[in-house]
Every structure is written in C-alpha cells, then in structure tokens.
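In the working numbering, the protein residues as written are 35 to 409.
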Amino acid sequence: MKLVHAVTLVSDDGAFGGPTSVALAQLQECAARGHDVTLVSLWRGRSPAARRIGAVRFVSRPAWRLVPGRGCLGLMHPLLLRDLWRAMGRADAVHLHAGRDLVSLAALIVARLRRTAFVTQTHGMVEPRSGVVARVFDAVYVPLLRRARCCFVLTERERRALSEVLGPDGPPLVTLPNGLRAAGDEARTRPRDDHQVIFLARLHPRKRPEAFVEMAALVHKEMPEARFTLYGADEGSLPAVSRLIADRGLTDVVSYGGALDHAAALEAYRRAAVYVLPSVHEPFPMTVLEALAEGTPVVCTDSSGIAAELARREAALVTDGSPEALADAVCLLLADTPLRRRLADTGRRAIDEVFSIRAVVDRLETAYRNRAPQT
C-alpha cells in the first residue's frame with residue numbers, strides 16, 4: 035500500500051515530541067513490511083530537511099510562524115497545502131496525526147476536498163476547551179475531524195475527552211497503544227558511562243526538570259562522581275533550571291546539553307547509565323519507551339500511564355516523583371551494576387511483549403485495508 039502520514043512538525047530539536055516519534059515509528063515498521071510510506075510535515079532545523087528519514091520518504095516545507103505565540107499552533111507554510119494535495123491523491127491510506135493547529139486543519143481540509151478516506155490520531159492534544167479562540171477554531175476543525183473513518187486513542191482519559199469534543203456524531207474511537215522496536219544485540223555490549231544520569235524531554239513545567247536538578251543535588255551528596263545532563267528544547271523552564279543549578283552549587287555536576295535530534299537522542303540513551311523522567315500525569319511517555327528499547331534503566335513516576343505495567347514487570351523503578359524518591363532510585367541503580375543489567379533486560383522484554391511496534395502496525399494495517407469512501 036501507499037501510505038501517507040501527516041504530522042505538524044519535524045525538527046532537529048524534537049520540539050513536537052511524541053506525535054512525531056509515533057508517526058516515524060509506525061512508518062518505519064510499515065516500510066519494513068514493504069509498504070510505500072511518506073511523511074508530510076513542516077520542518078524546522080539548522081540545515082535543510084532531508085529527503086528521507088530512514089526508510090521514510092519525507093515531504094516538507096520550512097515552518098513559518100503565521101500566528102504569533104509559543105508552541106506549534108501557528109506554524110504553517112502555504113506550499114504545504116500543495117504537498118498534502120499531491121501526496122493524498124496518490125495514497126491508498128491517509129493517517130493524520132491531528133492536534134489543534136494550522137497544519138492539522140490544513141490536512142483535514144485537503145482530505146475533505148480530495149474526498150479521501152482517512153484515519154486520525156490526536157495523541158491527547160484535543161481536549162475540551164472553552165476559550166473564544168478555541169471555539170472559533172473548533173467551528174471549522176471539529177466537523178472535519180468527525181469525517182475520519184476512526185480516531186485512534188491512547189488511554190481512557192483521552193477517549194472521554196475526545197468524546198466530549200466530537201459529540202455523538204463523532205467517528206469510532208479505537209484504542210491504539212504506542213510502540214517501538216527494541217534495539218539490536220549490539221546495544222547490549224556498547225560501553226556506557228556508569229556515572230551518567232540523563233533527563234531527555236522538553237524543558238517545560240509539566241516535565242519537571244527542576245525536580246531532576248533537586249534529585250541531582252541529593253544524589254551528588256551520596257555519590258560525588260555522578261554527573262547529570264538535561265537534554266531537550268527549552269519551553270520556558272531553562273531559566274529556572276539554570277538558576278537552580280547555580281543556587282545548589284552544581285555547575286560542575288549538572289549541565290544542559292541542548293536539544294537533540296532523534297539519532298542523537300538515541301545515542302544519549304545508549305551512553306547513559308540511568309534515564310530519569312520526573313514528569314507527572316504522562317499518559318504514554320515515548321521517551322520512557324525509547325530508553326527501554328535502548329536498554330537504558332529508567333526511573334519514572336507512578337502517575338505515568340504505563341507505570342503500573344512497568345512496575346509489575348520490574349522493568350523500571352517507579353517512584354512517587356519526589357526528588358527524594360527519585361534520588362533513592364538513582365543511587366540504588368548507580369551502585370548496583372547487576373540491577374541495571376536486569377532492568378535493561380526486562381525493559382527490552384516489555385518492549386517486545388507489550389509495547390511492540392509490530393502489534394501496533396498489525397492493527398494499523400487492518401484499519402487501512404478496511405477503509406471506505408468518504409461522502
């Protein structure tokens with residue numbers, strides 16, 4: 035099949051996070067199965083966009099900010115409309131990773147004008163909103179979203195929120211987990227820095243990078259040789275993080291490594307002894323799955339949507355999210371090499387058995403083949 039996915043933004047700093055990672059993981063697996071796959075998106079980076087991302091054909095335009103403000107809502111490029119029109123005209127199946135933003139709206143409009151059957155996946159980005167701007171946007175956006183053959187949801191919370199937005203006339207809501215493929219055997223033998231602990235996520239209050247710094251201060255008192263690096267695009271928290279590092283006297287211990295593209299992020303996981311994600315109420319944290327897939331021991335919080343499964347399988351150390359609990363878990367891992375190896379093995383097993391991209395794409399192929407003409 036010729037498959038076309040559309041996502042809002044691909045960037046060398048990973049700013050759009052999970053939706054882009056999910057789209058690429060799905061398309062890479064589809065390509066491995068022999069499908070002809072294309073990703074259409076805006077691009078933002080220091081260099082021109084590549085024509086391919088791995089096995090995925092990449093059609094892109096530079097991200098222009100047409101509407102002022104932070105985030106990705108107002109990003110667009112007029113010629114992306116032409117790219118979407120051409121790509122959808124050749125597609126056997128169209129999959130829109132749709133948030134409340136101009137690119138998603140454009141993709142929905144093109145699919146409707148093309149009379150193309152499509153499925154959507156909103157990644158928790160479409161929830162009830164009562165503001166004036168949201169109501170105006172939804173007056174156009176929601177009727178188009180209702181035209182999807184189905185909408186994939188990740189959690190029951192997302193199902194409830196999307197049901198409220200779409201109402202009784204909405205499409206079927208189909209549960210679809212995120213998935214990855216575990217790294218090959220060569221990752222098991224790669225040398226790691228036994229003292230390196232990393233944070234890899236957007237520097238945003240929801241991700242709690244300050245809690246990572248507080249944790250680092252506590253670990254440093256017990257294990258002075260430990261070193262800590264935060265990676266990720268700044269979305270408002272970097273000034274506070276920098277002040278906290280200075281206030282705690284950690285300038286030689288904690289550093290900010292900037293934003294990483296996907297390949298560099300995977301390499302950072304592979305080098306680290308421990309990955310820590312202090313964020314709370316994450317429905318399905320893709321960075322945790324990426325770390326597990328690369329064999330990196332994980333410390334996370336118990337409010338994550340996958341925390342219970344990871345704890346049951348002893349695939350991660352799950353904490354209450356306090357700096358003290360995070361520090362206790364990190365100290366335990368840094369001091370116990372056999373424990374780190376066991377967590378690496380159980381983490382990879384969790385990816386293979388529960389969070390496998392193979393099972394995800396099995397479901398996607400069924401949905402794509404069951405497509406019907408839209409009217």
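We treat Cβ as the ideally placed atom computed from N, Cα and C, and that holds for glycine.
None of these values were measured; they are calculated from a predicted model.
Span of the alpha helix (DSSP H), counted from its first residue to its last, around D295:
Counting from one through the sequence shown, the residue named residue 295 turns up at place 261. Per DSSP, D295 belongs to no alpha helix (DSSP H) and is neither H nor E.
Sheet register partners of Q155 (DSSP bridge):
Sequence index remark: in the sequence shown, residue 155 carries index 121 (1-based). Answer is H131, F186, bridged to Q155.
What does Y309 pair with, by DSSP beta-bridge criteria?
The residue given as residue 309 occupies position 275 in the sequence shown. According to DSSP, Y309 bridges with I232, V332.
In terms of alpha-carbon separation, which member of Y290, T150, R99 lies closest to R120?
Residue numbering aside, residue 120 sits at position 86 when the sequence shown is read from its first letter. The option with the nearest alpha carbon to R120 is T150.
Whole angstroms is fine: what's the gap from R375's alpha carbon to A297's?
By 1-based counting over the sequence shown, the position of residue 375 is 341. By 1-based counting over the sequence shown, the position of residue 297 is 263. Rounded to whole angstroms, R375 to A297 spans 23 Å at the Cα level.
Residue closest to A217, alpha-carbon to alpha-carbon, out of V38, D379, D47, K36
In the sequence shown, the residue the question calls residue 217 occupies position 183. Nearest C-alpha to A217: D379.
Among the residues of its own chain, which have a CB less than 6 Å from the CB of T54, if the five just before and after it don't count?
For the purposes of this step, residue 54 is taken as the residue at position 20 of the sequence shown. Excluding residues within five positions, the ones whose Cβ falls inside 6 Å are V41, V44.
Extent of the continuous beta strand (DSSP E) to which V41 belongs
As a first step, residue 41 must be located in the sequence shown, where it is residue number 7. Taken as a continuous stretch (DSSP letters only), the beta strand (DSSP E) holding V41 covers 36–45.
With a cut-off of 8 Å, do at least 3 Cβ pairs link the region 204–213 to the region 182–195?
yes
Leaving aside the five residues before and after G291 along the sequence, list all residues of the same chain whose C-beta is less than 6 Å from its C-beta, in chain order.
Position 257 of the sequence shown holds residue 291. Closer than 6 Å at Cβ, skipping near neighbours: T263, Y265.
I need the DSSP call for D396, collapsed to helix, strand or coil.
By 1-based counting over the sequence shown, the position of residue 396 is 362. Note: D396 maps to helix in three-state DSSP.
With DSSP run on the structure shown, which of helix, strand or coil describes P412?
Absent from the model: residue 412. The displayed extent of the chain is 35 to 409, so no value can be given.
Keeping to the same chain, check which residues put their C-beta closer than 7 Å to that of V287; ignore five residues upstream and five downstream.
Position 253 of the sequence shown holds residue 287. Hits under 7 Å: A250, H254, R261, F262.
What does the alpha-carbon distance come out to for the pair L252 and V314?
Taking the sequence shown and counting its residues from 1, one reaches residue 252 at position 218. Taking the sequence shown and counting its residues from 1, one reaches residue 314 at position 280. Straight-line Cα distance between these residues: approximately 20 Å.
Sub-8 Å separation of D189 and F318 beta-carbons:
Stepping through the sequence shown from its first residue, residue 189 is reached at position 155. Stepping through the sequence shown from its first residue, residue 318 is reached at position 284. Reading the sequence as shown, one finds Thr at residue 189 and not Asp. Their beta carbons are under 8 Å apart, which means T189 touches F318 by this criterion.
Please report how far the alpha carbon of A302 lies from the alpha carbon of V332, in whole angstroms.
Position 268 of the sequence shown, counted from the start, is the residue given in the question as residue 302. Position 298 of the sequence shown, counted from the start, is the residue given in the question as residue 332. Roughly 13 Å between the two C-alpha positions.
Kindly indicate which residue of A384, D46, E256 has the alpha-carbon position closest to the one of P82.
Locating residue 82 in the sequence shown gives position 48, counting from the first residue. Residue D46 is the option with its Cα nearest to P82.
Do you know how far the Cα of A127 is from the Cα of A168?
Position 134 of the sequence shown, counting from 1, holds the residue named residue 168. Position 93 of the sequence shown, counting from 1, holds the residue named residue 127. In a straight line, the C-alpha of A168 is about 29 Å away from that of A127.
Determine the extent of the alpha helix (DSSP H) in which R146 is found, giving its start and end residues.
Counting from one through the sequence shown, the residue named residue 146 turns up at place 112. Looking at the DSSP string, the run of the alpha helix (DSSP H) that includes R146 is 136–148.
Quick one: what's P243 bridged to in DSSP?
By one-based count along the sequence shown, residue 243 stands at place 209. Answer is none; P243 lacks a bridge partner.
One or two residues paired with W119 in a DSSP bridge:
The residue labelled residue 119 in the question sits at position 85 within the sequence shown. Beta-bridge pairing links W119 to no other residue.
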